[in-house]
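Engineer:
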Amino acid sequence: MKRKVAILLVFILMASTIFTGCSSSKTQNGDSSEKTKVALVIAGGLGDRSFYDSAHEGVEKAKQDLGIEYKVYECRNDASLYNDQLVQASQYASIVAVVGYEFYDVVQEIAKEFPEVYYIYVDNEIEGIDNLITISYAENEGSFLAGALAAMLTKTNTIGMVGGMDIPVIRNFQVGYEAGAKYINKDIKVETIFAEDFEDPAKGKECATAIYSRGADIIFQVAGKTGEGVFEAAKEQGKYAIGVDTDQRYINPDVIVASMVKKVGQSIYDTIIKIQNNEIEKGKVIYYGLKEDGVGLGYGTDDMKQFVTDDMKAKLDEIKEMIVNGEIEVPTAK
Amino acid sequence: MAEKLIELKNISKQFPGVLANSNVNLTINKGEIHAIIGENGAGKTTLMNILYGLYEPTQGEIFIDGKKAVIKSPLDAIKQGIGMVHQHFMLLPSLSVAENVVLGSEPKKKKFFMDYDKAIEITKNLAQKYGFKVDPREKIEALSVGVQQRVEILKVLYRGADILILDEPTAVLTPQETDELFNVIRKLVSDMNKTVIIITHKLQEVLAISDRVSVMRQGKLIGTLPTQQADAKILTEMMVGKEVLFHDLHREKVSGEKVLEVKDIKAKDNRGLTVLNGVSFSLRAGEILGVAGVEGNGQSELVEVLTGLRNLEDGDYFINGKKITDVNPSNMRNLGISHVPEDRLTMGLSKEASLWENLLMGLQHKKPFVVKKIHLNKKKIFERTDNLIKEYDIRAIDRYMKVKKLSGGNMQKVVIAREFSFDSPILIIAQPTRGVDVGATEFIHNQIMRKRNEGAAILLVSAELDEIMRLSDRIITIYEGSITGEFKNKEVTKQTLGLYMTGKQNKLKGSEDN
Amino acid sequence: MREAMKKINLSYIISLALSIFVALIIGALIMLINGKSPFIGYSALFSGAFGSKYNLATTFAKTVPLVLTGLGTAISFRSGIFNIGGEGQLYLGAFAAAYIGITFTSLPFFIGIPLAIIFGALVGGLYAFLPGILKVKYKIDEVITTIMLNTVAVLFTSFLVNYPFATTQGKMNGTEIIAQSYHLRRLVKLSTLNTSIFFMSFIAIVIYYLMEKTSIGYDFKMVGQNRMFARYGGINDKKQMLIAMVISGALCGMAGVFEVLGVHYRFLQSISPGYAWDGMLASLMAKNNPVGVVLMAIFLGALKTGSVSMENATSIPSELVMVIQAIIVLFIAGEAGFKDKFVLLNIKRKSKKAGETNA
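So the protein lines, in turn, are chains A, B and C. Count the first sequence with my numbering and you get residues 520 to 853, in order. Count the second sequence with my numbering and you get residues -3 to 510, in order. Count the third sequence with my numbering and you get residues 97 to 455, in order.
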């Protein structure tokens, strides 16, 4: 009995750590109270060097350039906190940036309760609520380019992808990625595994190792923090990876050849400006695709070793043009 | 006059609600075997735990070699040369003998690592010196209880103890192992100049081994006397405070119907080996049938089969002439069987539960203790609990007291009280007085006899021949899962029974006197 | 009253309170090391948990699933069978309720809601029955099987909500929203506290009654304390263990049901942030005593709610509460030793006093 209880307690400890993200200092209090207050509410936690950090960069930039002050409200993937954090954020700020498809229900409810607050909702589409602007990214378009790049780089004719969860947003990446690869090479094999977790690098590594062992030599990670495990696996196996959301090349420029950038921070920043200038169309969805430069590929900085040749870049630009023109129609999972 | 080694002066120990020791003055001489004897709960173990530093006395002083000693922890005691072997061994079963012996002050290699080879050597030398037969490499879990005890003693000797305290050392030993232990103790004292304090409640052992004996009762030291001047009667009187004689019990002539009968029953033990190999007997109302046998010859399994706790593999089982097909505990209880199990702690009680919960078992689904199908009627339950506590003289603070806090004798009284209160026509009783002091034994024997005189059919299994011979009307002997003989009590001697119990003689199944 | 007092394990309550106190002190030290004032931190934590009607409501909203999973754990542990599968049962129960809510959309609330609760409890109970029967029939360790079945349930429901039952509205890894008639009413504006707290209170009273006042509870307890004794006394130990397991699973299932009917209004892929584990902690802290479970659940709910507010107000990370909880867990693990030390300390002090008066 005693022994069993001890084992259980260990499990409780382990379970509680699962919901523990890492945390950085979040409050950036300004001196004047007349500054516009912005709240950033995220479904996960900061420190993913990806999606949420990108959003954080956006508000940080707004603080530098526009002199706003802001606070970050992290939910650490705890569904029971979505409502509470959004309420607290709404009580604090006049503009609330909400990042994560998970807020779909609560943001609609809460936005109605705080009509004087503007909500910028990223990662899902909601129309018809006056004080709610949603930003939707054409992940499939960006991923199309990533797929095309992977197909150009592979020597084994097999490429891979590690998805965070088998959910619509991630599948939208997946269909674009596959279509892009097939556009370059009809017979290419694409191996995809979903890690079922956005916060666990160990799982990401496991998935990536499995995909590499099936013959792939380049993997597109779409798994937030979990993706860091993909980079690690790539390093150990001497293979390559493509980053996501932000330009992740800096994490390890020797294995990360490029990143599919979703300019979350930039779009939040742009929207804050529009709200301040009263240029916003109420209750609308703003689309950020290749055309709007909301998604794209990032190749890191010039001092890094470049794997993508100028020829490849030219070819990718060409594809991008064709997508913008509508000559190539990218499939969507929505 | 012998040289004084330890003097305990005016020791008192107060526990919440209990004065465990009260002004105890005790002197231990150098090189003697000193027995401390008393009923369960008399304060023997508490006193020795104080000497060993496990408890701090509420008041009083300890002198060793005439100097005042401050013993605040077992470490202090060890420094003073005092070592204790507890009733429940403190060994790690998955480690070897040598590792256990040196545990706590291991020989070190490079400061941090235990030197295993050296530990083996130390243990071997130690064992040789004291004449113990143990293999230092053997795992503790593979050893018999007697050998484990020797390892405990070795461990104490390794720490350099000159004074050994043994708490109830024979409680878990077979008679042969007890003899061996006594030889070891004698050798330690005569050849090695050690002093031994032995705590026990068995009179025969005191008389057999000790030089002097101190008797404790209710926390007080009643007296110390040289063993030559003592006998069982004197010591018993000192222990219980009144003269207890194992006088003959009043036996009324009760003739009865045959209420229980088994024919050729067979059963297997937990390992799947056949341990009951065709046992037949019958039991009448108003008689006590004693089952005599050396432990491990199938008595335990016989009791379990009869009470439905073990599968009946083969044979017929009748109660009141009706054949029982569905043998399970609940059914057997409903058919009127009460059971005092051989081991009260593993089966007869729940230590963690309160007195009232322990006394309720078996009645929790019966009116008037439950109303509206499931609601426990606490008023009725408590009424019955308090009556039983009074009737069976169970010494407890109140009905909420956890059973684990009772002494062994009082625990056994809880089991007896519960099972006897059902007024079942059949009582199956195993080892009713094992580990129970003299006073409680007398009480329990009287209760069993009362039940018999009231007309209950009683099957009594006991390892104590004296008990069987005192209580039984008839006696059957069991050997290797078969009945070897059947006797009327008073017509048989201990010696004869011994021959049948060990299989040296066998009447086989021819003697059923129906 | 005096009778009731006698049953309370006072020394354990003291040692638990002491554990919590020491954990809070360590938490305060951590704050100090990080240059934060523990006074401000803890007052933010306290007011975050109890400071306003909204905060209080949020605390109680968090308590509902903890009480249910905690009682589920308590009833199984007390019966000597260890249901560690609460999380899985919660997920399946939640999905079952959502399934009713999106399938039988035209049922009136007074039929629909009970139906969803019962179906969710049934599914949770059945999911616990499986490891239960494996345990009593084949002696397969229930700790292992229930832990593994957690993963099975989480992944299975994840498949269901992403494929056959995926919502078509927006990008969500959840089912469709359940019909309006199934929504439990919210009680305090902005907070997710809803009428499930009444259901929970009722269930808690029933479980308390069952565990403490009935012959069934008595049988559970005896089987858990000493299985041999229970068998010997005529209790069908295997049956009791199985019943306890099923009740435990049903309670955990209901915890999931109320998350769907009262909080999210749909099944979400990660609907529980480990409620069953926190519930288990509540149960262990309370030594499987039903009243204690409720109190500990409120305590843990308050810690959780308060920690988030504390983080927002003072930028002391809410993970600090994880540290505090972990320390409490360690203390409970070493409870026996800790309690003995405490008693020893007490006796020592008393004997010292006695010595002084003597001198």
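Cβ atoms here follow ideal geometry from the backbone N, Cα and C, with glycine treated the same way.
#1: Note down, in chain order, every chain A residue with its Cβ under 7 angstroms from the Cβ of C:P369.
#2: Considering only C-alpha positions, which residue in the set C:A409, C:D374, C:Y328 and C:S287 is nearest to C:L470?
#3: With DSSP collapsed to three states, give me the class of C:V284.
#4: Any chance the region 646 to 657 of chain A sits against the region 721 to 730 of chain A, with 3 or more Cβ pairs inside 8 angstroms?
#5: Locate the beta strand (DSSP E) running through B:A167, then write down its first and last residues.
#6: If you draw a straight line from the C-alpha of B:Q10 to the C-alpha of C:S115, how long is it?
#7: Using the three-state DSSP reduction, which class does A:A735 fall into: helix, strand or coil?
#8: I want to see whether chain C comes within less than 7 angstroms of A:Q607, judged by CB atoms only; does it?
#9: Could you tell me which of C:G197, C:A140, C:I171 and C:F135 sits nearest to C:Y361, measuring between CA atoms?
#10: Under 7 angstroms, Cβ to Cβ, is there at least one residue of chain C near B:G499?
#11: Buried or exposed: where does C:A113 fall if 16 or more other Cβ atoms within 10 Å of its Cβ makes it buried?
#12: Cα separation between A:D567 and C:I129?
#13: Does the CB of C:N258 have a neighbour CB from chain A at under 7 angstroms?
#14: So if DSSP puts B:E482 in a beta bridge, which residue, or which two residues, is it bridged to?
#15: Could you tell me how far apart the beta carbons of B:E353 and B:S346 are, in whole angstroms, since I believe they sit closer than 8 angstroms?
#16: Would you check if the distance between the CB atom of C:G221 and the CB atom of C:V353 is smaller than 7 angstroms?
#17: State the Cα-Cα distance for the pair A:M841 and C:P227, rounded to the nearest angstrom.
#18: So which residues on chain B does C:Q336 lean against when the C-beta distance must stay under 9 angstroms?
#19: Compare the Cα-Cα distances from C:G430 to each of C:L186, C:L380 and C:G182 and report the closest residue.
#20: Spatial neighbours of C:A326 within its chain, please: C-beta separation below 6 angstroms, excluding the five flanking residues on both sides.
#21: Of all the residues that make up the region 423 to 442 of chain B, which are near chain C by a beta-carbon distance shorter than 9 angstroms?
#22: Just curious, the alpha helix (DSSP H) that A:Q610 is in, first and last residue?
#23: Please confirm whether C:K458 has its beta-carbon closer than 7 angstroms to some beta-carbon of chain A.
#24: If you follow the beta strand (DSSP E) that B:L4 is in, where does it begin and where does it stop?
#25: Could you have a look at B:Q144 and say whether DSSP puts it in helix, strand or coil?
#26: So the beta strand (DSSP E) A:D764 belongs to, where does it begin and stop?
#27: What does a CB cutoff of less than 6 angstroms around B:I194 pick up in its chain, not counting 5 residues either side in sequence?
#28: Is there at least one Cβ from chain D nearer than 7 angstroms to A:N659's Cβ?
#29: Give me the Cβ distance between A:A742 and A:G683, rounded to the nearest whole Å; I'm assuming they're in contact under 8 angstroms.
#30: Out of B:E173, B:P171, B:V20 and B:K254, which one is the CA nearest neighbour of B:G215?
#31: Can you name, in chain order, every residue of its own chain whose Cβ lies under 6 angstroms from the Cβ of C:Y223, other than the five neighbours on each side?
#32: Measure from the alpha carbon of A:I505 to the alpha carbon of each residue in A:S569, A:G586 and A:V560, then state which is nearest.
#33: Which same chain residues, not among the five before or five after C:T401, have their C-beta less than 7 angstroms away from its C-beta?
#34: Straight-line CA distance for A:K545 to C:L391?
#35: So is A:V780 in contact with chain C if we call contact Cβ pairs under 7 angstroms?
#36: Within 10 angstroms of the Cβ of B:M357, are there 16 or more other Cβ atoms? Answer buried if so, exposed if not.
Structural biologist: The relevant details are as follows:
#1: Simply F538, D597, A598 and S599.
#2: Residue 470 of chain C is absent from the structure shown; chain C starts at 97 and stops at 455.
#3: It is coil, neither helix nor strand.
#4: Of all C-beta pairs linking the region 646 to 657 of chain A to the region 721 to 730 of chain A, fewer than three are shorter than 8 angstroms, placing the two stretches out of contact.
#5: It is not in any beta strand (DSSP E) - B:A167 carries neither H nor E in the DSSP assignment.
#6: One C-alpha to the other measures close to 27 angstroms.
#7: Reduced to three states, the DSSP call for A:A735 is coil.
#8: Closer than 7 angstroms to the CB of A:Q607 there is at least one CB belonging to chain C.
#9: The shortest Cα separation from C:Y361 among C:G197, C:A140, C:I171 and C:F135 belongs to C:G197.
#10: It does not; no Cβ of chain C falls within 7 angstroms.
#11: For C:A113, the number of other beta carbons within 10 angstroms of its own is below 16, and it is reported as exposed.
#12: Cα-Cα distance, rounded: 26 angstroms.
#13: So yes, C:N258 belongs to the interface.
#14: Assignment of beta-bridge partners to B:E482 by DSSP yields B:I472.
#15: Their Cβ separation, rounded to whole angstroms, is 7 angstroms, which keeps B:E353 and B:S346 in contact under 8 angstroms.
#16: Going by C-beta atoms, C:G221 is not nearer than 7 angstroms to C:V353.
#17: Near 57 angstroms, if we compare the C-alpha coordinates of C:P227 and A:M841.
#18: Near C:Q336 there are no residues of chain B at all, since even the closest Cβ is about 12 angstroms away, more than 9 angstroms.
#19: It is C:L380 whose Cα lies nearest to the Cα of C:G430.
#20: Result list for C:A326: M318, V319 and D333, in chain order.
#21: Residues of the region 423 to 442 of chain B that bring their beta carbon within less than 9 angstroms of a beta carbon in chain C are absent altogether.
#22: Its alpha helix (DSSP H) spans residues Y601 to Y611.
#23: Absent from the model: residue 458 of chain C. The displayed extent of chain C is 97 to 455, so no value can be given.
#24: B:L4 -> beta strand (DSSP E) spans K0 to F11.
#25: Note: B:Q144 maps to helix in three-state DSSP.
#26: Under the DSSP assignment, A:D764 falls in the beta strand (DSSP E) whose first and last residues are Y759 to D764.
#27: Within the same chain, B:I194 has close Cβ partners A31 and L162.
#28: Here the protein chains are A, B and C, and chain D is not one of them.
#29: A:A742 to A:G683, Cβ: 4 angstroms. Contact.
#30: When each option's Cα is compared against that of B:G215, the closest is B:V20.
#31: Excluding sequence neighbours, C:Y223 sits near Q185, L188 and G345.
#32: Since the first residue of chain A shown is 520 and the last is 853, residue 505 of chain A is not available in this structure.
#33: Correct list, in chain order: G144, A145, N151, T154, T155 and K158.
#34: Low per-residue confidence applies at A:K545: pLDDT is 44, beneath 50, and the placement is therefore not dependable enough to give any value.
#35: It does not; no Cβ of chain C falls within 7 angstroms.
#36: With 16 or more Cβ atoms within 10 Å of its Cβ, B:M357 is classed as buried.
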